[in-house]
Every structure is written in structure tokens, then in C-alpha cells.
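Here the protein sequences come in this chain order: A and B. Note that my numbering has the first sequence beginning at 1, numbered continuously upward. Note that my numbering has the second sequence beginning at 1001, numbered continuously upward.
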Amino acid sequence: MADIFIEKKAVSDIAASDIVETVPSALIVLDRNLNITSANRAFYQTFRTSPGETEGCLIYALGNRQWDIPALRTLLESVIPHRASVEGFEVEHDFPTIGRRTMLVNARKIFSPGDHDGSILLAIEDVSEERAARADSKRNWQLTQSIVDTVRDPLVVLENDMTIVTASKAFLTMFGVTEAETHGRRVSELGQHQWDVPALRHLMEKVLPENKPIESFEIEDNFPGLGRRVFNLNARKISQPGNHAHRMLLVFEDITDRKQRERDALSLTNEISHRIKNNLQVIVGLIAYEAKWTAAPCVQGYKTMQARIGAIAQLYDLISQTSRGRTVAVDAYLREIANAMSASLLGNMSGITIEVKGEPLEIDPDRAVPFGLLVNELATNAIKHAFPHGSGHIMLRVEQIGDQIELVVSDDGVGMKGNDLVKSPEKRGSDYVAIFVRQLGGAIVPSKQEPTGTTVRIRLPLLLVPPGSAEPVAA
Amino acid sequence: MAVILIVEDDVFIREIAEMMIQDWGHQTLAASDVDEALLLLRSAQPIDALFTDIYLKDLVLGGCNLALQAIALRPDLRVLYTTGNTITDKMKALFIEGTRFLGKPYTENQLKKSVTELLAV
């Protein structure tokens, strides 16, 4: 109860003069002859004047006649006499003391008991900065719009609520819509709802609150008047300095032609791959047929030959999977070789593991096949001969050392005995290794024989593709 | 012993595959395209497994579509796909669940392993 009493007393104690002196707007009271009878502190501060210079002065004569403004004369002499109040009357004027200002004037006739002529209360608010900011914003927006219209890719700017604020000319032209048909609508509502994709909606909802741009979200659909098209959608948050409101820029990149070229290239690659693999299958089939009529001791040789043809076919696949345009990534290539060998030679239950350590180096696809066959030969030898008890570890490592690439294939198996090399299959394997090394212009680094394990170290010339020809091309 | 329908548009590859499979004691039927294969699949001929190339003549996914129709006709049919192409997600999406794949070029041993595993299911 005490609190309520105090509150009521406090409100009733506030005098009108206290309120007048506290409000931020400049207030002046004029008598019927437009002489200033009083003004508040905000008025004196805003217009850099004092009560002595102001009170009793005709408003037009105030401050070296700086208030003799035609618009104010119109308000005071033509509007006020016929109306009890006027709000939001805008006056723009060059004040000698404070410069060019835009003032918002509210006027009200006030009558005291016994005063039939009444007075005029003028509340003057300096809105110069707000108007300047608004004009700046308008100019910036016009500039943005003109930039938006010059961008060739169709784009829209979205409000926080995902409605379209503006659409570029390219957007309107491409999708055959008018500005009125797009403004205030959501992207998902446009056309035949082609953009109404849950995944896109989900991503768009994160652009503004989480500042997460959308990169290359692909949509393929039939568009009226355009036919089947593929678009890449990119979106990002845009902010204007000094403005807390954020908007989203959504760009529609028409990638239909590029996509078609990629599909044509892929189709051609598939066609070539199909022919090559079928031809290799024919060769493998021929060998299989020959093997049927060959004496038993020779059959193993035919089978080895089939396996090597299989390895070439597999490398061909790996090259296309790990190719970055005109180069092949060695690290990824080695990992794929290891995976393929694990799957084909080791199986799930094998105790032999293959580990790959590779620097991110690139090699020419022309050299990738002999390189892959070299790795294949060395690793196959390790799998076949190093682990008579069925378990062990093989390491494939490649690194750049100066202007050379060092390939190391090592295992922790039983080691290579001196007479192994004269046995026929291993001898052939070693011959192949030597041939591939020569083909690649490299050399085997002699390494001392360890009691256990085998390490083969091969130095190859740096097979990096020259920078000029290393630009990725569409697959 | 099983009856295996081999669908392959390359005559040599098809006949070598037939020869290999027959060597293991199975009976083979052969077709060079989807239509020939469907004629056999719609007949009363018993067929245990379908071994089909994916790229059949000019149909890039001909074998995948054939297998879908074959399973509709014979739900218990086992399917082994083969192709020289890289397996794409589109192909994988068309693969019938529980079926097998053998990449080209395949050796006699690899084909034998795949067929044995296929028939053991």
C-alpha cells in the first residue's frame, strides 16, 4: 500500500515545467502575434540561443531572422488559424548558426482559462540525421539495385522472412515474371514451386541467423518457357554498414550447358571404358581358353598373366577415380591400390594389413599405369612370399625428396633370401619391377638385407605435371 | 547343378563365359540383349540365376533394367551383374538387394567364386 501511495504522489508531483524541460524535442510557445513567450532547454541548446534573445521576440525576427522561413510562415499564418493542431510538418532550411537542417514541426493551439486568443505550442524535432541516413540508404539501395541489374546471373535479394525484396532484371527476364509478381513472395512460391525443395529451405533458413552461405546447391527441373534446366544456387548474407537489418543474396547460376558437357564427357568416358574393358575381357577369355588345352605346369603362367591384365584394368579404374583433371593424386591412388589389393588378394579374414603413407603429390596419368603396376608387383610379392604364417604388415610410402619421388614398399615378414631371386616366378616379378622402374626413368636404391622384413626403395624422377598443364578439366 | 542365363552382347565374351560355367557342371542359356533374355525369362524354362552385363548394346543401364523385370517375373531368381564401367550411384540405386557384382575383365577363378557364392545364397 505504501508503495502505491508513493507512486501516486510522485506522478502528481511532476509539474508541467519538469516535463517540458525533460523532453528531447525543442518546444516554444507563441502568443497570438507569433511572439515567443517561452521556450524549453532543448530549444536553446539545439538553436544555440538563450532566453534573453528569445522571449518576447517575434519568431521570424529570432536569431537574425533565421526563422523567417516561407514554409513556417505558411504553417503559422495559413494552416494553424484553421486547425487545432498540425503534426509532422517538415521544414528544411539553412540555419546560419547550425547549418542545413530538416525539422519536423508539430503545432497545437492551447487555451488557458480566460485566454480566448490562445497560444501556439510548437514542438520542433531535428530529424536531419535520420533524413540523411534515409537518403543515404536510398542512394545505397539504388546503387545496389543498379549493380544487381548488371549481374548476368539472375538473382534475388530476400528479407529476413525469406520474402523477395528485389529481383534482378536477369531474373525477371529469365523466368518471365514481373517485379510485382515477385516482390513480397517467397522463392518457394515462385513458378511451379520448382524451388520448393525441403533441403534448400533448410539451408536457406541458416544463411541469416548462422551466417552460413549456400554453395552450389543444384536443382534440375522443367521450367515454363525454358524447358529442362539445371541451376546452381548460391546464397549469402549481406549487411549494410550502420544498418542492423540483414538480407540474403540468392544467385541462380544456369549450369545446364556445363552439366550437359559433363554428362557428354562422362558418357564418352563410359563408352570408352566399356570398350576397353570388353577388349581386356576378350584377352582374358582367350588366355583362359588357351589355358584349358595347356599342360598343367604352364597353367600357372597363364593365370599370372590374367591377374596382371586384371591389375591393368583395375589401375585404369583407379586412375579415373583419383584423377584431378589432367593429373592423378598419388596419395589417393596408392590408397585405392591398397584397398583393391586387400579386397582381391587378402579378403576380410586376412591377418595381413596394408598401410599407406603418401604426400599429396600429383603425377601424369601416362605414368600412372607403370607406377601402379610397380606398386602392385612389389606389394603382391610381399603378400605372396613374406608372410608364410598369414599375418603381417605392408607399408606403401611415397614422398618427395629433393627433385625425386621415393617409393618405399616394405613389410615385416620373413625377409628375402639370396636364392629367392633365381626361382622363376619371383625372378620374373623382379624383372617386371626392373622394367617398370626403367620405364619411369628411376632406379632401385640398394638396401642392406635385414634379418626380418623386406624394404624396397625406389627413386623416381619428379613426375609432377608442369604447372601450365595442371589445370583441372571437366571429367 | 544350376541353370544360368548369361546375357552379354559380345559373342566371344558370352561364349567363353558359357564354356567356363559349363565346365563347372552348370547348364547355361544365352541371350544377347534385353528382349531375348525376357523371352527366356517369360518361358517355362527353369532358370536359377541371371548373369548379365549392365551395358547391353546401346542401353547404358540395360542389364539393371533387365534384372528388375526378371525379378518381377521370377522373384527367387539370383542375379550377378558385370560391367567394364565404373559403378555409379545411379547403377547402385538400380541394383536389386542381395545381388552380386563382378567387374570386367574377370578371370575364370573370379567368375567361379562369384557364381559359387551366388548359388550358395
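We put the CB at the ideal spot given by N, CA and C, even for glycine.
Practice item. Can you grab the Cα-Cα spacing for the pair methionine 1001 of chain B / phenylalanine 1012 of chain B, in whole Å? Key: What you label residue 1001 of chain B is simply residue 1 of the second sequence in a count that begins at 1. What you label residue 1012 of chain B is simply residue 12 of the second sequence in a count that begins at 1. Rounded to whole angstroms, methionine 1001 of chain B to phenylalanine 1012 of chain B spans 24 Å at the Cα level.
Review point. Is valine 1034 of chain B near leucine 1066 of chain B, with beta carbons less than 7 Å apart?
Key: Taking the second sequence and counting its residues from 1, the one referred to as residue 1034 of chain B is at position 34. Taking the second sequence and counting its residues from 1, the one referred to as residue 1066 of chain B is at position 66. Cβ distance < 7 Å, so valine 1034 of chain B and leucine 1066 of chain B count as in contact.
Exercise for review: Name, please, each residue of chain A whose Cβ falls closer than 8 Å to the Cβ of threonine 1086 of chain B.
Suggested key: Taking the first residue of the second sequence as position 1, residue 1086 of chain B is located at position 86. In chain order: Asn270, Ser273, Asp317, Ser320 and Gln321.
Exercise for review: Would you please verify whether the beta carbon of lysine 384 of chain A is less than 7 Å from any beta carbon of chain B?
Suggested key: Numbered from 1 along the first sequence, position 384 holds the residue referred to as residue 384 of chain A. Chain B contact via Cβ: absent.
Point to revise | DSSP three-state assignment for alanine 84 of chain A, whether helix, strand or coil | key: On the first sequence, residue 84 of chain A is found 84 positions in, with the first residue counted as 1. The answer is coil: DSSP assigns alanine 84 of chain A none of H, G, I, E or B.
Review point. If phenylalanine 231 of chain A and phenylalanine 252 of chain A are in contact, beta carbons under 8 Å, what's the gap, nearest whole angstrom?
Key: The residue labelled residue 231 of chain A in the question sits at position 231 within the first sequence. The residue labelled residue 252 of chain A in the question sits at position 252 within the first sequence. Indeed they touch by this definition, with Cβ atoms about 5 Å apart.
Review point. Ordered along the chain, which non-local residues of its own chain (more than five positions away) have a Cβ less than 8 Å from that of arginine 48 of chain A?
Key: Sequence index remark: in the first sequence, residue 48 of chain A carries index 48 (1-based). Taken in chain order, the residues that qualify are Thr97 and Ile98.
Review point. What three-state label does DSSP hand aspartate 1023 of chain B in the structure shown?
Key: Residue numbering aside, residue 1023 of chain B sits at position 23 when the second sequence is read from its first letter. Three-state DSSP puts aspartate 1023 of chain B in a helix.
Practice item. Rounded to whole angstroms, what's the CA-CA distance from proline 209 of chain A to arginine 139 of chain A? Just pull it up for me. Key: As a position in the first sequence, residue 209 of chain A is number 209, starting the count at 1. As a position in the first sequence, residue 139 of chain A is number 139, starting the count at 1. Distance between the alpha carbons of proline 209 of chain A and arginine 139 of chain A: 27 Å.
Review point. Does the beta carbon of alanine 329 of chain A sit closer than 7 Å to a beta carbon anywhere in chain B?
Key: Looking up residue 329 of chain A in the first sequence gives position 329. So no, alanine 329 of chain A is outside the interface.
Exercise for review: Please list the partners that threonine 1107 of chain B has in chain A, where partner means a Cβ-to-Cβ separation under 8 Å.
Suggested key: Within the second sequence, the letter at position 107 stands for residue 1107 of chain B. Within 8 Å Cβ-Cβ: Val284, Ala288, Lys303, Gln306, Ala307 and Gly310.
Practice item. Would you check if the segment 360-373 of chain A and the segment 329-341 of chain A touch, i.e. whether three or more CB-CB distances between them fall below 8 Å? Key: yes
Check your understanding: Does the segment 1008-1026 of chain B come close enough to the segment 428-443 of chain A that 3 or more CB-CB pairs lie under 8 Å?
Key -> no
Exercise for review: Please check the pair arginine 100 of chain A and serine 85 of chain A, which I expect to be a contact at CB under 8 Å, by giving their CB distance rounded to whole angstroms.
Suggested key: Within the first sequence, residue 100 of chain A is the residue found at index 100, counting from 1. Within the first sequence, residue 85 of chain A is the residue found at index 85, counting from 1. Incorrect: roughly 27 Å between the Cβ atoms, too far for contact.
Practice item. Could you tell me whether any Cβ in chain A is nearer than 7 Å to the Cβ of tyrosine 1081 of chain B? Key: One-based indexing of the second sequence puts residue 1081 of chain B at position 81. Cβ-Cβ to chain A under 7 Å: no for tyrosine 1081 of chain B.
Review point. With a cut-off of 7 Å, does the C-beta of lysine 1090 of chain B fall near any C-beta of chain A?
Key: Here residue 1090 of chain B is taken as the residue at index 90 of the second sequence, counted from 1. No - not a single Cβ of chain A is within 7 Å of the one on lysine 1090 of chain B.
Practice item. Please determine, among A:Glu159, A:Ser146 and A:Phe171, the residue with the shortest C-alpha to C-alpha distance to aspartate 153 of chain A. Key: Taking the first sequence and counting its residues from 1, the one referred to as residue 153 of chain A is at position 153. Checking every option, the nearest Cα to that of aspartate 153 of chain A belongs to A:Phe171.
Point to revise | Residue of A:Ala123, A:Gly88 and A:Arg73 minimising C-alpha distance to glutamate 19 of chain A | key: Position 19 of the first sequence, counted from the first residue, corresponds to residue 19 of chain A. Correcting the residue identity first, residue 19 of chain A is isoleucine in this sequence and not glutamate. Of the listed residues, the one whose Cα sits closest to isoleucine 19 of chain A is A:Ala123.
Exercise for review: Compare the C-beta of isoleucine 1047 of chain B against all C-beta atoms of chain A and say whether one is closer than 7 Å.
Suggested key: In the second sequence, the residue the question calls residue 1047 of chain B occupies position 47. Chain A, which has no Cβ nearer than 7 Å to the Cβ of isoleucine 1047 of chain B, makes this no.
Practice item. With distances taken Cα to Cα, identify the nearest neighbour of threonine 353 of chain A among A:Ala368, A:Arg367, A:Ile337 and A:Glu205. Key: Position 353 of the first sequence, counting from 1, holds the residue named residue 353 of chain A. Of the listed residues, the one whose Cα sits closest to threonine 353 of chain A is A:Ile337.
Check your understanding: On the three-state DSSP scale, how would you describe proline 388 of chain A?
Key -> What you label residue 388 of chain A is simply residue 388 of the first sequence in a count that begins at 1. Three-state result, proline 388 of chain A: coil.
Check your understanding: Three or more beta-carbon pairs under 8 Å between the segment 1100-1112 of chain B and the segment 306-314 of chain A, yes or no?
Key -> yes
Check your understanding: In three-state DSSP terms, what is alanine 295 of chain A?
Key -> Numbered from 1 along the first sequence, position 295 holds the residue referred to as residue 295 of chain A. Residue state, collapsed to three classes: coil.
Check your understanding: Would glycine 191 of chain A pass as a contact of glycine 225 of chain A if the rule is Cβ separation under 7 Å?
Key -> In the first sequence, residue 191 of chain A corresponds to position 191, counting from 1. In the first sequence, residue 225 of chain A corresponds to position 225, counting from 1. No, Cβ-Cβ distance for glycine 191 of chain A and glycine 225 of chain A is not below 7 Å.
Exercise for review: Would you mind listing the alpha helix (DSSP H) stretches within the segment 56-118 of chain A that are 4+ residues and don't spill past its ends, in chain order?
Suggested key: 62-65 and 70-73
Review point. Roughly how many angstroms separate the alpha carbons of glutamate 218 of chain A and leucine 233 of chain A, rounded to a whole number?
Key: Here the question's residue 218 of chain A lines up with position 218 in the first sequence. Here the question's residue 233 of chain A lines up with position 233 in the first sequence. One C-alpha to the other measures close to 6 Å.
Exercise for review: May I have a chain-ordered list of the beta strand (DSSP E) segments no shorter than 3 residues that lie completely inside the segment 127-168 of chain A?
Suggested key: 155-158 and 164-167
Check your understanding: What are the boundary residues of the beta strand (DSSP E) that includes serine 1043 of chain B?
Key -> What you label residue 1043 of chain B is simply residue 43 of the second sequence in a count that begins at 1. Run containing serine 1043 of chain B: none; DSSP gives neither H nor E here.
Check your understanding: Quick one: Cα of alanine 379 of chain A to Cα of valine 409 of chain A, how far?
Key -> In the first sequence, counting from the first residue as 1, residue 379 of chain A sits at position 379. In the first sequence, counting from the first residue as 1, residue 409 of chain A sits at position 409. Looking at the two C-alpha atoms, the distance is approximately 7 Å.
Review point. What residue range is occupied by the uninterrupted beta strand (DSSP E) comprising histidine 202 of chain A?
Key: Looking up residue 202 of chain A in the first sequence gives position 202. Per DSSP, histidine 202 of chain A belongs to no beta strand (DSSP E); it is in the alpha helix (DSSP H), 198-210.
**Study point:** Whole-angstrom distance between glycine 372 of chain A and glutamate 355 of chain A, CA atom to CA atom
**Key:** Mapped onto the first sequence, residue 355 of chain A falls at position 355. Mapped onto the first sequence, residue 372 of chain A falls at position 372. If I take the Cα positions, the gap works out to 16 Å.
Review point. How is the alpha helix (DSSP H) around methionine 1001 of chain B delimited, first residue to last?
Key: Taking the second sequence and counting its residues from 1, one reaches residue 1001 of chain B at position 1. Here methionine 1001 of chain B belongs to no alpha helix (DSSP H), and DSSP marks it neither H nor E.
Check your understanding: Is the Cβ of asparagine 376 of chain A closer than 7 Å to any Cβ of chain B?
Key -> Taking the first sequence and counting its residues from 1, the one referred to as residue 376 of chain A is at position 376. No, no contact with chain B.
Review point. Are the C-beta of glutamine 192 of chain A and some C-beta of chain B separated by less than 7 Å?
Key: Taking the first sequence and counting its residues from 1, the one referred to as residue 192 of chain A is at position 192. Not closer than 7 Å to any Cβ of chain B, the Cβ of glutamine 192 of chain A fails to qualify, so no.
Check your understanding: Is the CB of phenylalanine 1012 of chain B under 7 Å away from at least one CB in chain A?
Key -> The residue you call residue 1012 of chain B lines up with position 12 of the second sequence. So yes, phenylalanine 1012 of chain B belongs to the interface.
Check your understanding: Are the C-beta atoms of asparagine 339 of chain A and some chain B residue less than 7 Å apart?
Key -> Position 339 of the first sequence, counted from the first residue, corresponds to residue 339 of chain A. False, the Cβ-Cβ gap to chain B never drops below 7 Å.
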